[in-house]
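For what it's worth, our numbering labels the leading residue of the sequence shown as 361, then goes sequentially.
Backbone N, C-alpha and C define an ideal beta-carbon position, used for all residues, glycine too.
The structure displayed is predicted, hence computed values, not measured ones.
See below for the structure under consideration.
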Amino acid sequence: DYPFPVEEEGKTGAKKIVHRLLRSKLFIPVVRDQPMDKEMSQSQLLMQKTGMIRRASLGMYMTLPLAQRAMENLIKIIDEEMQGVGGQKLTMPLLVSKDLWEKTGRWETTGAELIKVKDRKEEEYCLAPTHEEIFTSLVANERLSNSNFPLRLYQIGNKYRDEIRPRFGLVRGREFLMKDLYSFDQTRVEAVATYNDIKGAYHRVFDRVGLKYACVEADSGNIGGSMSHEFQVLTGSGEDTVVSCECCGYQSNIERATSKPSPSTKFSPADKIKKIAIKVVSDKMVKGAKEKTTTIATIWCSDIDTINPFSIKSYFNNIDSFEPFRFNQAAQQQDPSYTYIDFIDSTIKDNDHVLLQLKQHQKEQQQQQQKEEEKEEDTTSNNASVEYGSFRVVKEGDHCAQPNCSNGGELKLQQGIEVGHIFYLGTKYSSKLGANMKDKNGKNQPIEMGCYGIGVSRLLAAMIESKRDDRGIVWSKCVAPYKAIIIPFSDQRNRGSYESAEHLYDLLIRDPFLRNQIVLENRLDMSIGKRINEANLIGFPYLIFVNNNASKKNGEDVFEVEDRDNGQKSYFTAFELYH
Ligand code: ATP
Ligand code: MG
Ligand code: MG
Ligand code: MG
361 DYPFPVEEEG
371 KTGAKKIVHR
381 LLRSKLFIPV
391 VRDQPMDKEM
401 SQSQLLMQKT
411 GMIRRASLGM
421 YMTLPLAQRA
431 MENLIKIIDE
441 EMQGVGGQKL
451 TMPLLVSKDL
461 WEKTGRWETT
471 GAELIKVKDR
481 KEEEYCLAPT
491 HEEIFTSLVA
501 NERLSNSNFP
511 LRLYQIGNKY
521 RDEIRPRFGL
531 VRGREFLMKD
541 LYSFDQTRVE
551 AVATYNDIKG
561 AYHRVFDRVG
571 LKYACVEADS
581 GNIGGSMSHE
591 FQVLTGSGED
601 TVVSCECCGY
611 QSNIERATSK
621 PSPSTKFSPA
631 DKIKKIAIKV
641 VSDKMVKGAK
651 EKTTTIATIW
661 CSDIDTINPF
671 SIKSYFNNID
681 SFEPFRFNQA
691 AQQQDPSYTY
701 IDFIDSTIKD
711 NDHVLLQLKQ
721 HQKEQQQQQQ
731 KEEEKEEDTT
741 SNNASVEYGS
751 FRVVKEGDHC
761 AQPNCSNGGE
771 LKLQQGIEVG
781 HIFYLGTKYS
791 SKLGANMKDK
801 NGKNQPIEMG
811 CYGIGVSRLL
821 AAMIESKRDD
831 RGIVWSKCVA
841 PYKAIIIPFS
851 DQRNRGSYES
861 AEHLYDLLIR
871 DPFLRNQIVL
881 ENRLDMSIGK
891 RINEANLIGF
901 PYLIFVNNNA
911 SKKNGEDVFE
921 VEDRDNGQKS
931 YFTAFELYH
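Take a look at the structure:
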């Protein structure tokens with residue numbers, strides 16, 4: 361017989377009451393019929409559906425309790441790994457003064473992404489998109505001696521960026537949670553050692569949360585510096601492209617790759633009648649076509665008879681990069697007579713026929729319609745404004761050009777979500793902000809720095825994006841918001857198994873590791889099917905079923921426990937579950 365609420369007496373004699381986590385009381389506002397929108401990603405849909413997030417305004421989200429719990433689990437793992445390499449946690453203001461940002465020149469160079477605000481005295485600030493300036497100024501104002509190095513300081517806090525295109529929920533917000541660490545070393549050699557230490561800690565974070573990811577060479581962009589790596593979660597819907605060679609292990613963001621696959625295909629108007637031609641075929645022919653075709657884009661073209669690569673170029677740039685291809689500007693510059701397209705969707709294979717849908721501009725369309733009205737009706741063309749171009753994907757030698765790649769291995773393209781980015785900065789910030797230390801000869805030298813970011817809220821979304829099934833979210837167990845849910849088979853008339861479920865619950869939460877981690881499903885007015893579907897949607901790692909008709913072991917009830925990840929079922933008595 362297990363009493364409830366469980367009461368514990370503290371040292372002072374005050375009673376501590378342990379509450380049951382009853383499903384009906386938890387603020388998990390599930391929306392079963394959340395529609396999928398073209399601009400949505402699967403993770404965003406799932407997070408909305410399971411009541412993890414709600415949109416507040418463009419690129420700003422409310423993090424509701426379920427997401428908050430998962431986020432805190434992630435933070436715990438990140439804290440452990442950062443502190444494992446000597447990171448010391450602190451908190452910086454989110455409003456940072458203009459003065460500091462002017463000293464590094466970034467007040468101007470950051471552009472429209474920087475959110476600038478004024479106080480009542482007309483003093484200007486920015487809502488920090490990253491915190492190099494203020495961390496460097498902190499260190500500049502303290503007198504650090506030899507024995508203080510290496511110094512590694514970090515925080516986990518919100519960042520603000522007025523993204524041109526906030527989308528996919530937490531993946532690209534205007535307000536988002538970042539872990540940012542800044543390192544300070546005396547020499548370049550020590551700074552590089554720090555870089556490698558922290559890179560190792562990043563690998564441990566992403567290994568622990570069970571992600572399929574790649575650590576790739578990267579561009580250092582507006583942050584600056586000379587050495588930089590990104591951690592990319594490899595999943596079909598990422599906005600970045602990762603190039604990799606399986607032979608030598610070379611991996612890079614395509615933005616800075618020195619080995620790149622040649623464009624998958626190229627075409628020009630002249631090619632219409634040649635080998636890899638764009639065949640302009642009619643609607644009918646496409647419908648009846650025997651070859652495999654994939655519609656990759658709808659292009660508005662001013663004149664479909666002479667497909668001008670430049671007009672296609674500009675239209676490509678207007679198309680959502682979510683599509684499985686990208687216009688290759690670098691190749692275009694080298695060889696302007698062709699239009700180059702990289703396919704970044706591995707489902708498109710060599711020799712597949714790709715269908716390009718070409719549409720005329722509305723204006724042109726109207727003109728053409730007018731012309732046609734003047735002419736006799738043309739019975740062969742039933743839809744004058746829509747034409748299709750189909751071309752075959754022909755890959756040219758896609759081989760690795762890295763000097764240490766002896767076999768010139770084949771290059772592979774994958775989509776990725778950038779969840780972490782590390783930079784060796786050198787003295788870029790320290791020299792501008794006067795963060796110095798004395799060298800061996802007593803001379804002032806700027807401190808060697810590095811900076812290291814993890815997009816914590818983006819990471820949470822990327823985890824959901826990359827691990828889910830048709831029933832819902834599949835959490836890695838260390839990040840899941842709860843460990844388990846107990847689901848009784850009872851309904852309102854027959855409460856037998858609900859009482860057993862309560863008993864089981866009260867026994868399990870005596871274990872401090874399980875307390876606050878197990879939910880008791882108490883909505884007996886809901887059908888058992890719905891209860892199970894919802895538990896799968898939210899992704900409780902273990903579903904514990906309580907059914908009074910279940911078998912018994914030594915006179916004790918046996919409970920079925922289902923692992924959400926692999927569907928495996930095991931059977932335990934309450935006593936076995938508790939231990
Ligand atoms: P992106 O290329 O996706 O715009 P970034 O290169 O501008 O990202 P960094 O300056 O490298 O981003 O910031 C460090 C990390 O912060 C990124 O690796 C990413 O995980 C995260 N991050 C950046 N922008 C956003 C955003 N708008 N929403 C959520 N997370 C973000
Ligand atoms: Mg950015
Ligand atoms: Mg980037
Ligand atoms: Mg980056």
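Item                                                                                                                                                                                  : Value
Use the C-beta contact count for residue 926: other C-beta atoms within 10 angstroms, 16 or more gives buried, fewer gives exposed.                                                   : exposed
Is there contact between the stretch 534 to 550 and the stretch 483 to 497, where contact requires at least three CB pairs shorter than 8 Å?                                          : yes
Hey, is residue 538 close to ligand 1, as in C-beta under 6 Å from one of its heavy atoms?                                                                                            : yes
If we ignore side chains and look at the alpha-carbon of each, how far apart do residue 444 and residue 907 end up?                                                                   : 45 Å
Taking Cβ to Cβ, would you say residue 533 is nearer than 7 Å to residue 775?                                                                                                         : no
Sorry if obvious, but does the Cβ on residue 778 come closer than 6 Å to a heavy atom of ligand 3?                                                                                    : yes
Is the beta carbon of residue 578 closer than 7 Å to that of residue 563?                                                                                                             : no
Going by CA-CA distance only, name the one from 400, 461, 825 that's closest to residue 790.                                                                                          : 461
Residue range of the beta strand (DSSP E) that residue 399 falls in?                                                                                                                  : Looking at the DSSP string, residue 399 is not in any beta strand (DSSP E), and its letter there is neither H nor E.
Does at least one heavy atom of ligand 4 sit under 6 Å from the Cβ of residue 589?                                                                                                    : no
Is the stretch 480 to 492 touching the stretch 504 to 511, taking contact as three or more C-beta pairs under 8 Å?                                                                    : no
Taking buried to mean at least 16 other C-beta atoms within 10 Å of its own C-beta, is residue 470 buried or exposed?                                                                 : buried
Have a look at 803, 593, 514 and flag the residue whose alpha-carbon is nearest the alpha-carbon of residue 779.                                                                      : 593
Our contact map puts residue 816 next to residue 438 with C-beta atoms below 8 Å; I'd like the distance itself, whole angstroms only.                                                 : 7 Å
Please name the residue in 453, 935, 422, 417 whose C-alpha comes closest to that of residue 411.                                                                                     : 422
Is the CB-CB distance between residue 531 and residue 821 below 7 Å?                                                                                                                  : yes
Just to confirm, are residue 929 and residue 916 a CB contact at a threshold of 7 Å?                                                                                                  : no
Rounded to a whole number of angstroms, what is the C-alpha to C-alpha distance between residue 424 and residue 430?                                                                  : 10 Å
If you reduce the DSSP assignment to three classes, tell me which class residue 874 lands in.                                                                                         : coil
Using 7 Å as the limit for Cβ to Cβ distance, is residue 405 near chain D?                                                                                                            : Absent here is chain D; the protein component of the structure consists of one chain.
Use the C-beta contact count for residue 723: other C-beta atoms within 10 angstroms, 16 or more gives buried, fewer gives exposed.                                                   : Interpretation of residue 723 is limited by its pLDDT of 47, a score under 50 that renders its predicted location unreliable; no figure is taken from the coordinates.
What's the gap between the Cα of residue 708 and the Cα of residue 398?                                                                                                               : Because the pLDDT of residue 708 is 49, which lies under 50, any placement of that residue in the model is unreliable, and the number read from its coordinates should be weighed accordingly. Approximately 21 Å, taken between the alpha carbons.
Does DSSP classify residue 372 as helix, strand or coil?                                                                                                                              : coil
Would you mind reading off the limits of the alpha helix (DSSP H) that contains residue 940?                                                                                          : The shown model of the chain, from 361 to 939, leaves out residue 940, and the question about it has no answer.
Using a Cβ-based criterion (distance less than 6 Å to any ligand heavy atom), does residue 491 qualify as near ligand 4?                                                              : no
Which same chain residues end up closer than 6 Å to residue 568 when comparing Cβ atoms and leaving out the 5 residues on each side of it in sequence?                                : 437
Ligand 1 and residue 527: does any heavy atom of the ligand fall closer than 6 Å to the residue's C-beta?                                                                             : no
Taking the Cβ atom as the reference point for each residue, do residue 605 and residue 455 lie within a distance shorter than 7 Å?                                                    : no
Which same chain residues end up closer than 6 Å to residue 869 when comparing Cβ atoms and leaving out the 5 residues on each side of it in sequence?                                : 875
Assuming the contact rule is C-beta atoms closer than 8 Å, residue 819 and residue 513 should be a hit. Round their C-beta distance to whole Å, please.                               : No, residue 819 and residue 513 are not in contact; Cβ-Cβ is about 21 Å, not under 8 Å.
Label residue 524 either buried or exposed according to how many other C-beta atoms from any shown protein chain fall within 10 Å of its C-beta, with 16 as the threshold for buried. : exposed
Could you give the uninterrupted runs of the beta strand (DSSP E) lying entirely in the stretch 855 to 914, keeping only those of 3 residues or more?                                 : 878 to 880, 902 to 906
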